[in-house]
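As you go down the protein sequences, you meet chains A, B and C in turn. Numbering-wise, the first sequence is residues 2 to 279 according to this note's numbering. Numbering-wise, the second sequence is residues 3 to 543 according to this note's numbering. Numbering-wise, the third sequence is residues 181 to 221 according to this note's numbering. What follows is one structure encoded as structure tokens, with my remarks underneath.
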Amino acid sequence: MNIKKLAAAITTAAALALGSPAALAAWTLNMTPGITAVSRRIFGLHMLMFWWCVAIGFFVFGWMIYSLIVFRKSRGAMADAKLTHNTRAEIIWTVLPVLILIGMAVPATRTLIETEDATNTQLTIRITGYQWKWGYQYIDSGVEVFSTLDRTSNAARQLGSGIDPRTVPNYLLSVDHPLVVPAGVKVRVLITAQDVIHAWWVPALAIKKDAIPGFVNEAWFKIDADKTGLYRGQCAELCGRDHGFMPIVIDVRSKADFDAWMKTQKALQRPADPAQPS
Amino acid sequence: MAYTAHAAAHDHHDHKPSGLWRWLSTTNHKDIGTLYLIFSCVMFFVGGAMAMVIRLELFKPGLQFVDPQFFNSMTTVHALAMIFGAVMPAWVGLANWMIPLQVGAPDMALPRMNNFSFWLLPFAFTLLLLGFFVPGGAPAGGWTLYPPLNLQGGDSFPMTIFAIHLMGASSIMGAINVIVTIMNMRAPGMSLLRMPLFVWTWLITAYLLIAVMPVLAGAVTMLLTDHFFGTSFFSASGGGDPVMFQHIFWFFGHPEVYILILPAFGIVSEVIPTFSRKPLFGYDAMVYATASIAFLSFIVWAHHMFTVGMPLAGELFFMLSTMLIAVPTGVKVFNWCATMWRGSLSFEPPMLFAIAFLFLFTIGGFSGLMLAVAPADFQYQDTYFVVAHFHYVLVPGSIFTIMAGVYYWLPKWTGHMYSMTLGKWHFWLSAIFVNVLFFPQHFLGLAGMPRRIPDYATQFADWNMVSSIGGFGFGLSQLLFPYIIYKCIRGGEKATSRVWEGARGLEWELPSPTPYHTWEVAPSMALIHQGAEHHPEQGGD
Amino acid sequence: MDDRLRDQQRRRARLMAFALMLLALAIYGGFILMSVHRSHG
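Encoded structure:
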């Protein structure tokens with residue numbers, strides 16, 4: 002039985018123990034695998050590290066607990082004051098961790114190299130962070146969209162608004178204009194900021210990159226063709242008063258739907274084009 | 003209350019001025035140690051009160067109590083108060099009290115500078131906390147002070163910078179004092195490899211402090227000139243680089259993390275052997291492991307910055323060097339386990355806190371190892387997973403060991419035993435609530451909750467409520483700590499000079515309470531060798 | 181004898197403290213100079 006199945010089994014068991022299936026979403030315990038090949042690699046790496054930690058913990062905590070139970074003075078344990086060195090043991094517990102670390106470092110390095118390979122992209126989007134909203138510009142077509150917290154969330158999040166956040170759909174995680182992207186296409190994003198440092202993070206893509214004024218960072222993703230839908234994220238770098246209120250929503254559409262959307266946007270924005278700031 | 007508490011701490015049979023002047027002008031290492039510890043305790047509750055505000059606002063979704071800007075001030079000042087006000091002064095206080103006693107020196111080498119370095123601190127923190135009352139409010143850009151955000155700060159911005167300069171100057175002077183005391187003032191026969199581990203870890207910590215506090219001072223000086231004098235070190239529009247600040251900051255920041263934890267390793271290495279009635283396992287390996295951790299701390303800084311867009315080679319280097327830290331840290335944990343192995347364990351409060359450290363610091367180490375893996379860190383960076391990680395290494399790591407140290411040496415300082423029952427209550431409440439408080443934050447981070455946000459999406463509500471309940475419980479149980487200390491100062495069962503059956507080392511050869519002046523006549527070789535039974539292969543010659 | 185020992189120790193300590201203070205100042209200045217260099221380069 003592989004560790005992924007075991008992980009799933011344990012997560013399910015924990016979720017069941019916590020109550021009804023409805024509670025499953027709320028009492029979340031773990032990361033989600035995401036919607037790109039890279040995000041799944043990263044999820045796998047995360048689980049690999051997790052299970053290594055569990056295994057090491059099993060051994061170390063087992064050792065501690067055994068000592069705490071067996072070598073109690075109250076049970077008449079006598080101290081062996083001569084036990085102050087054991088060269089063989091010390092070599093083992095220096096070398097063994099090194100080997101385990103190598104076992105972790107190899108897949109980690111491979112994944113890291115994969116995430117940095119931003120070649121052969123078919124679409125480029127420039128993302129700009131502002132205090133406190135996101136700007137998305139499709140470089141090839143010039144289409145530009147600004148994305149701010151949607152109005153219902155914004156009303157509910159005011160201090161003492163009296164509106165129960167639970168009545169607001171996707172409270173703090175929905176925007177007026179999401180970033181529309183095509184599935185099955187390798188997309189490059191160029192991330193920058195206007196005023197202070199922000200960070201663009203969509204967990205489902207496993208992308209988190211700082212948006213830094215005066216600098217341009219690059220990232221890329223290729224969403225599985227069948228994973229259309231809405232995915233949500235948030236600004237991940239403290240950027241001032243409303244840092245918590247500039248969410249990110251990506252609207253993943255099929256290639257055909259995306260092209261159709263792009264065509265209408267171009268038509269809408271063309272007259273204003275010359276006046277658009279670059 | 004604090005004042006009467008420490009005034010009563012000492013009998014007035016020595017020649018020293020009485021009243022307030024005694025404390026302002028004192029050059030006695032024990033008095034200064036006491037001042038540091040009281041200051042630390044006050045700041046622990048100031049920073050703790052801010053943590054309570056944070057957990058109160060996060061108790062449920064929606065903004066109920068504070069404005070987002072004030073919330074940001076809370077997280078910022080909570081961090082500064084806890085790091086520079088609670089943990090660091092506690093270590094300096096313990097160093098002041100214990101290092102001269104442990105190495106057989108009559109006092110710190112530079113007593114007047116010692117007084118000065120303490121009295122800078124109240125001014126530094128007054129300046130920092132006054133920020134709440136000036137236009138623009140207290141600093142709210144995070145304790146990491148990243149530009150350009152921090153340059154948007156109001157009138158409190160220069161006050162914060164000057165406060166940090168004062169704290170830095172105080173720490174550098176404290177560190178210099180520790181180094182020159184250890185290097186020069188040891189009693190004849192107290193060779194370096196006979197020193198207790200607490201002295202060793204502090205020596206290494208002091209070198210780290212001297213190396214990196216000036217770096218922080220440099221970074222904040224440049225922030226100041228960027229804001230007021232038209233330089234553009236960190237502004238891209240003027241040819242500078244905001245990421246350069248992060249590199250400089252974390253070149254300070256990562257060693258700083260070890261400054262907060264290395265003395266903890268020292269305390270645990272004293273407490274576990276005492277209550278296992280057995281010498282420390284692998285003394286030499288412990289010293290070398292501490293030195294390796296200190297060395298590695300200088301070449302891992304950019305693991306705090308995996309998402310800034312470094313070149314691949316940089317990310318690889320910092321990922322691999324960070325993972326390497328697991329090796330010396332592992333050696334230390336295994337050595338502590340081996341010290342308990344075939345020992346004769348008893349569970350007084352200092353030992354309980356040390357054991358909790360062993361378990362919970364290891365959990366913090368595991369999440370640290372996960373965070374080291376750069377691609378996975380893209381998902382963890384700036385989420386509650388990181389918050390959980392560093393609170394696991396700092397609360398059950400540093401704070402619990404400070405408490406272990408205080409409970410260990412308190413009878414030596416006051417001459418009275420404290421209430422073991424209350425101490426155990428304090429321990430169990432702390433140990434349970436600290437996990438209720440911080441363990442769910444791992445889940446929140448993995449589920450996608452960013453840190454430093456005053457309000458959150460409803461799917462994070464359940465674990466946040468659990469975490470807040472843990473927070474209130476933890477905060478309330480800490481009130482026991484000053485109460486126990488106060489009671490112990492006022493009276494209680496007479497402490498013997500050895501205090502704990504298994505205690506070894508020069509400080510236990512002195513009477514309890516320790517006289518105002520100690521080791522004016524250097525301890526004899528015999529006493530030093532007896533203390534060095536911690537590591538018999540050293541004691542035999 | 182102890183007084184002489186302690187006096188000697190204190191003298192060496194003061195010297196070493198002075199050297200460490202210079203080191204700290206050098207690190208402070210060094211980092212600022214390095215940044216001056218970088219931000220105009």
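Think of the CB as a built atom: it goes at the ideal place given N, C-alpha and C, for glycine as much as any other residue.
If you ignore the 5 residues before and after Lys-62 of chain B, its C-beta comes within less than 7 Å of the C-beta of Ala-463 and Met-467, all in its own chain and listed in chain order. Against chain B, the beta carbon of Asn-121 of chain A has no neighbour under 9 Å; the closest one sits roughly 17 Å away. In the DSSP assignment, Gln-138 of chain A falls within the beta strand (DSSP E) that extends over 134 to 139. Here the region 446 to 456 of chain B makes no contact with the region 411 to 426 of chain B; the two share fewer than three CB pairs at distances below 8 Å.
With a beta-carbon spacing of about 6 Å, Leu-150 of chain A and Val-176 of chain A fall inside the 8 Å limit used to define contacts. In terms of Cα proximity to Gly-367 of chain B, the closest of A:Asp-141, A:Phe-44, A:Phe-51 and A:Glu-219 is A:Phe-51. Fully enclosed beta strand (DSSP E) runs of no fewer than 3 residues occupy 145 to 148 of the region 143 to 182 of chain A, in order along the chain. Contact annotation for Ser-68 of chain A against chain B: Cys-339, Met-342, Trp-343, Gly-345 and Leu-347 [CB-CB distance below 8 Å, chain order]. The C-beta of Pro-63 of chain B comes no closer than 8 Å to any C-beta of chain C.
The residue among B:Trp-415, B:Ile-486, B:Phe-429 and B:Pro-484 with its C-alpha nearest the C-alpha of Tyr-518 of chain B is B:Trp-415.
At a beta-carbon threshold of 9 Å, the residues of chain B lying near Arg-218 of chain C are Phe-235, Gly-242, Asp-243 and Met-246, ordered along the chain. Contact annotation: the region 301 to 311 of chain B does not touch the region 209 to 218 of chain B, with fewer than three C-beta pairs closer than 8 Å. The criterion of a C-beta distance shorter than 8 Å is satisfied by Asn-117 of chain B and Thr-28 of chain B. Between Gly-163 of chain A and Ile-224 of chain A, the gap from beta carbon to beta carbon reaches 8 Å or more. Between Ala-328 of chain B and Leu-84 of chain A, the gap from beta carbon to beta carbon reaches 8 Å or more. Distance from the CA atom of Gly-241 of chain A to the CA atom of Asp-211 of chain A, rounded to whole angstroms, is 15 Å. When the alpha-carbon of Met-79 of chain A is set against those of B:Leu-123, B:Arg-344, B:Ala-51 and B:Ala-266, the nearest one is in B:Arg-344. For Val-333 of chain B, there is no enclosing beta strand (DSSP E); the enclosing alpha helix (DSSP H) covers residues 328 to 342. Look at Trp-521 of chain B here: in three-state DSSP terms it is coil, with no helix or strand label.
For Lys-210 of chain A, no alpha helix (DSSP H) run applies; the uninterrupted beta strand (DSSP E) run containing it begins and ends at 208 to 212, by DSSP.
When the five nearest sequence neighbours on each side are left out, the beta carbons in the same chain lying within less than 8 Å of the beta carbon of His-47 of chain A are those of Met-32, in order along the chain.
Assigned with DSSP and collapsed to three states, Asp-227 of chain A falls in coil, not helix or strand. For the 8 Å CB-CB criterion, Arg-454 of chain B and Asn-74 of chain B form a contact.
Contact between Lys-74 of chain A and Ser-348 of chain B is confirmed by a C-beta separation of about 5 Å, below the 8 Å threshold. When only Cα atoms are considered, Pro-19 of chain B and Leu-26 of chain B end up about 10 Å apart. In this structure, Leu-147 of chain B and Leu-225 of chain B form a Cβ contact; the two beta carbons are roughly 7 Å apart against a cut-off of 8 Å. The region 66 to 80 of chain B and the region 96 to 116 of chain B do not touch, with fewer than 3 CB-CB distances between them shorter than 8 Å.
If you draw a straight line from the Cα of Thr-223 of chain B to the Cα of Ile-163 of chain B, it comes to about 7 Å. Rounded to the nearest angstrom, the Cβ distance from Ile-101 of chain B to Trp-204 of chain B is 6 Å, consistent with a contact under 8 Å.
Around the beta carbon of Asp-457 of chain B, 16 or more other beta carbons sit within 10 angstroms, so the residue counts as buried.
Taking 8 Å as the cut-off, the beta carbon of Ile-174 of chain B is found no closer than this to the beta carbon of Ala-221 of chain B. For Lys-264 of chain A, the enclosing alpha helix (DSSP H) has its first and last residue at 256 to 270. Taking the CA atoms as reference points, Ser-119 of chain B sits about 14 Å from Leu-211 of chain B.
Rounded to whole angstroms, Pro-352 of chain B and Leu-69 of chain A show a C-alpha spacing of 15 Å. Taking 8 Å as the Cβ-Cβ cut-off, the region 275 to 289 of chain B approaches chain A at Ser-278, Arg-279, Lys-280, Pro-281, Leu-282, Phe-283, Gly-284, Tyr-285 and Ala-287, given in chain order.
Counting only residues of its own chain and dropping the five nearest sequence neighbours on each side, Glu-511 of chain B has a CB closer than 6 Å to the CB of Leu-529.
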